[in-house]
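Colleague:
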Amino acid sequence: MSSTECKQLHKDFGLMVTGLSLKDDLSNNEVLQIKEWIDNYSLVVFPSQHLNDQSHLEFTKKLGEPEPNHVSLGRDGVVNYFGTIGNVQPDGSVAGNSHKQTRFLTGNNMWHSDSSFRKVPSFVSIMSVYEVPEHGGDTEYVSARAAYSRLSSEVRELIEPLEVIHDYVFSRSKVADVDPAHAASLPPVHQKLVRKNPANKKKNYYIGSHAKSIAGWAEDAGRQLLDDLLVKATQPECIYTHEWQPGDLVIWDNRCLLHRGTGYDADKYRRLMRQTRVCGCGPTLDE
Ligand SMILES: [Fe+2]
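According to our numbering, the stretch in the sequence shown is residues 37 to 323, in order.
1. Between which two residues does the alpha helix (DSSP H) harbouring L141 extend?
2. What's the gap between the Cα of P223 and the Cα of S39?
3. Name the two residues that bound the continuous alpha helix (DSSP H) containing D203.
4. I think Y177 touches W288, with their Cβ atoms under 8 Å apart; what is that distance to the nearest whole Å?
5. For C292, count neighbouring C-beta atoms within 10 Å of its own C-beta (all shown protein chains included) and say buried if the count is 16 or more, exposed if not.
6. Mapping the DSSP letters down to three states, classify G173 as helix, strand or coil.
7. Suppose you measure from the CA of P30 to the CA of E190; what does that come to, to the nearest Å?
8. According to DSSP, is L321 part of a helix, a strand, or is it coil?
9. Using only CA atoms, which one of L99, S78, Y305 lies nearest to E66?
10. Does the separation of the CB atoms of Y117 and T312 fall below 8 Å?
11. Per DSSP, what are the beta-bridge partners of N240 in this structure?
12. Below 7 Å CB to CB, which residues in the same chain sit around E255 once its five sequence neighbours on both sides are set aside?
13. At the level of alpha carbons, what is the spacing between D61 and C317?
14. Ligand 1 and D150: does any heavy atom of the ligand fall closer than 7 Å to the residue's C-beta?
15. Provide the residue(s) that pair with D289 in DSSP beta bridges, ordered along the chain.
16. Beta-carbon within less than 8 Å of A257's beta-carbon, same chain only, minus the 5 sequence neighbours each way: which residues are those?
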């Protein structure tokens, strides 16, 4: 990897890596290096990769077990490892702002961690980019690890033992109806509020739009704590905004990052990105 160049994207997190082709066979050392970047930088951007679904899935498997898409699994009982982000349909046509799918995807414009509503939530998400709008359609990221490091010792002590109830229907119902079979497949789950990276032992808090309440707390008090932690993590200076380019291959660590879409005009522009995810090691309560 002598020709690999790295540039940090934000003072808290994020790394851009050039000089490594993810289409090629990667050595064990290269895969280990990528996992180390994920542990230490949380967001790893590889520009100009231009992967297709096949090479994207092959790369995904190098990082762990691909996670079945929860929509096709819950609604249709079908295992499919890809999600499509954007408004371009399989036949190449475009779904505008009023289309059900476009409205459904606006749920991603709230700060969240992918799959935090699953008993075993995602380790990473991996996005491969095909078409981007001329304006908008960026993704903002913040580090809940950096946010944790800024907490007072009193707050750290308070949140250490807490469990949070994450509920997909709670969050997604704010923007669109959830198919009944899909909803039934995703009952609310308990997640640890404070998580620790198994490799470098750095802690973060684990929240986002799917976080509904604190287990054992009155609803108002739990909501207030969750909202307060979110505000602390998402101050403007904490945000890295990624302006997507066709060919980007971007990996983010869902264990400790929050992200949200900035929105775009789906009547005016085309957007097509394909996403896979890698399963986490197990329930957060067992960490
Ligand atoms: Fe997401």
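For each residue, glycine too, the CB sits at the ideal point set by N, CA and C.
Treat the numbers as computed from the prediction; the structure is a model and nothing was measured.
Modeller: This is what the structure holds:
1. Its alpha helix (DSSP H) spans residues 136 to 141.
2. Roughly 47 Å separates the two Cα atoms.
3. Looking at the DSSP string, D203 is not in any alpha helix (DSSP H), and its letter there is neither H nor E.
4. With a contact defined as Cβ atoms closer than 8 Å, Y177 and W288 qualify at about 7 Å.
5. Buried, since its Cβ has 16 or more Cβ neighbours within 10 Å.
6. For G173, the three-state secondary structure derived from DSSP is coil.
7. Outside the modelled stretch of the chain, which goes from 37 to 323, sits residue 30, for which no answer is possible.
8. In the three-state scheme derived from DSSP, where H, G and I count as helix and E and B as strand, L321 is classed as helix.
9. Looking at L99, S78, Y305, the one whose alpha-carbon comes closest to that of E66 is L99.
10. The beta carbons of Y117 and T312 sit closer together than 8 Å.
11. Answer is R231, bridged to N240.
12. Excluding five sequence positions before and after E255, the CB atoms of its chain that fall closer than 7 Å to its own CB belong to S249, given in chain order.
13. Near 25 Å, if we compare the C-alpha coordinates of C317 and D61.
14. Under cutoff, so the answer is yes.
15. Beta-bridge pairing links D289 to V160.
16. Contacts found: I250.
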